[in-house]
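2 protein chains.
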Amino acid sequence: MTQPLADGFTRLAPQTGTHVRLAAGEVLTLLDPTGVQVSDLYCVAADDVDERLSSGRSIDFENGIRFTTGSTLWSNRSRPMLTVVEDSCGTHDFLLTPCSQQTFDILYPDLGGAEHPSCFANLVDALEPHGVRPDDIGTTLNVFMNVWADDTGDLHIDPPPSVAGDRFSVRAEMDLHVGITACSAEKSNGGTCKPIDYLVSPAWRGALPDQTS
Amino acid sequence: MTQPLADGFTRLAPQTGTHVRLAAGEVLTLLDPTGVQVSDLYCVAADDVDERLSSGRSIDFENGIRFTTGSTLWSNRSRPMLTVVEDSCGTHDFLLTPCSQQTFDILYPDLGGAEHPSCFANLVDALEPHGVRPDDIGTTLNVFMNVWADDTGDLHIDPPPSVAGDRFSVRAEMDLHVGITACSAEKSNGGTCKPIDYLVSPAWRGALPDQTS
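Residue numbers (the UniProt record's numbering), protein chains in the order written: chain A, 1 to 213; chain B, 1 to 213.
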């Protein structure tokens, strides 16, 4: 599912996910190696998994639905969990839960209910061994996902605007269990599901090594 | 905290909340008796409180951020919890967590950190006796709340457009514990916190319009 790369990054295979343990101060970088690919992110406090990422509190305290460099991602206990320290893309979603089997069943009836890989299942696999109940995996930060509402409030999901090499980095503000994915929904990713690369760095120094893959 | 009214409704005093038990098929009506007043709503399945209201799945499956007559409100297990059967106002929010002590501390520093009534505390009081953990009270449906994002993604909270007598009714699609409030945040309610009236009816006798998206 994961493959080490020469530059220190690790590659997540298409339609997979993994667990990352971050100590406070460490930085997680998500890199889109091909462009046009979403990565879902969810996290819980390492010392108490009932403290978890809250889109509703983040949107409230940040007073907006766009999250980029400088934004704080807050927990359900109103504490900062992550700070965005790098964002070369600028388009991400924090409204939607991760794609799940039911997403495909309900929204894509043309798939006929067939079993389909999903970010939700991949996040369950990544986080359940660390004590996170599936019921508690809520709205994810969907990095590079291109969701927008028109004047009637209807949502539109366009292909991610990310290009090869786009990066999104978050600094942990507490010790965290993080689940990340290479999103499994073809229609959210320009038609094909591609890999995502990630790297954990000891601290944010204002620059990270360039990736060549 | 609650006062029976001659018309069968019960009045929630300003800045309070209560618990309502709904059997599948029963209808809860929220009525704004004065206009310009928000009521937050949260619910869990009565037979397993770990199944709870999910804004992220509702926004995903309903493909929009505006909820009105015909909309379904979904659980974190992708099952319908409530159907909106009546809505004379048309403006509600499903992005924000309920106002909490931290909302006032973080967003309204002019209050100096003073203790303030909040929808979150009122929902905890309403739902914790029924087994709901405070950590599990997530994003609420904020009935009559007027939240909109501008082109930059910044949020604006304007006074609720509800007028005296505006109604919002939901039919339970499963047995539910519901928490409702008369919202405690002056700035979300046109400057003053006012009561909310509610009524539980055995069934919805009207017809739902055809839903077109």
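From the three backbone atoms N, C-alpha and C, an ideal C-beta is built for every residue, glycine too. The model shown is predicted, which means the values in this text are computed figures rather than measured ones.
- Per DSSP, the unbroken alpha helix (DSSP H) holding B/Ala121 starts and ends at Cys119 to Leu127.
- Contact between B/Pro80 and B/Glu186 fails: their C-beta atoms lie close to 34 Å from each other, not under 8 Å.
- For B/Arg52, the number of other beta carbons within 10 angstroms of its own is at least 16, and it is reported as buried.
- Comparing C-alpha distances from B/Ala203 to each of B/His156, B/Thr68, B/Asp166 and B/Val84 shows the shortest one belongs to B/Val84.
- Assignment of alpha helix (DSSP H) within the segment 8-95 of chain A, counting only whole runs of 4 or more residues, yields 55-62 in chain order.
- Counting along the chain, the unbroken alpha helix (DSSP H) around B/Leu107 starts and ends at Gln101 to Leu107.
- Relative to B/Leu155, the option among B/Gly8, B/Ala46, B/Pro33 and B/Asp93 whose CA is nearest is B/Asp93.
- When DSSP assignments are scanned along the segment 152-181 of chain B, no uninterrupted stretch of alpha helix (DSSP H) that is 4 or more residues long falls wholly within it.
- For B/Ala46, the CB contacts under 6 Å within the same chain, skipping 5 residues up- and downstream, are Asp175, Leu176 and His177 in chain order.
- Taken through DSSP and simplified to helix, strand or coil, B/Leu111 comes out as helix.
- Taking a cut-off of 8 Å for Cβ pairs, the segment 192-203 of chain A and the segment 30-46 of chain A touch, as three or more such pairs fall below it.
- Secondary structure of A/Asp135 (DSSP, three-state): helix.
- Taking a Cβ-Cβ cut-off of 8 Å, the neighbours of B/Asn63 in chain A comprise Leu107, Asp154 and Leu155, given in sequence order.
- Straight-line spacing of the CA atoms in A/Pro129 and B/Asp110 works out to 44 Å.
- In the three-state DSSP reduction, B/Ser201 falls in the strand class (E or B).
- Not a single C-beta of chain A is nearer than 8 Å to the C-beta of B/Leu176.
- By the 16-neighbour rule on beta-carbons within 10 angstroms, B/Thr140 is buried.
- In this structure, A/Asp40 is the residue among A/Ala23, A/Asp40, A/Arg171 and A/Pro14 with its C-alpha nearest to the C-alpha of A/Ile137.
- Taking a C-beta cut-off of 8 Å against chain A, the contacting residues of the segment 68-93 of chain B are Asn76, Arg77 and Ser78, listed in chain order.
- Distance from the CA atom of A/Phe9 to the CA atom of A/Cys183, rounded to whole angstroms, is 18 Å.
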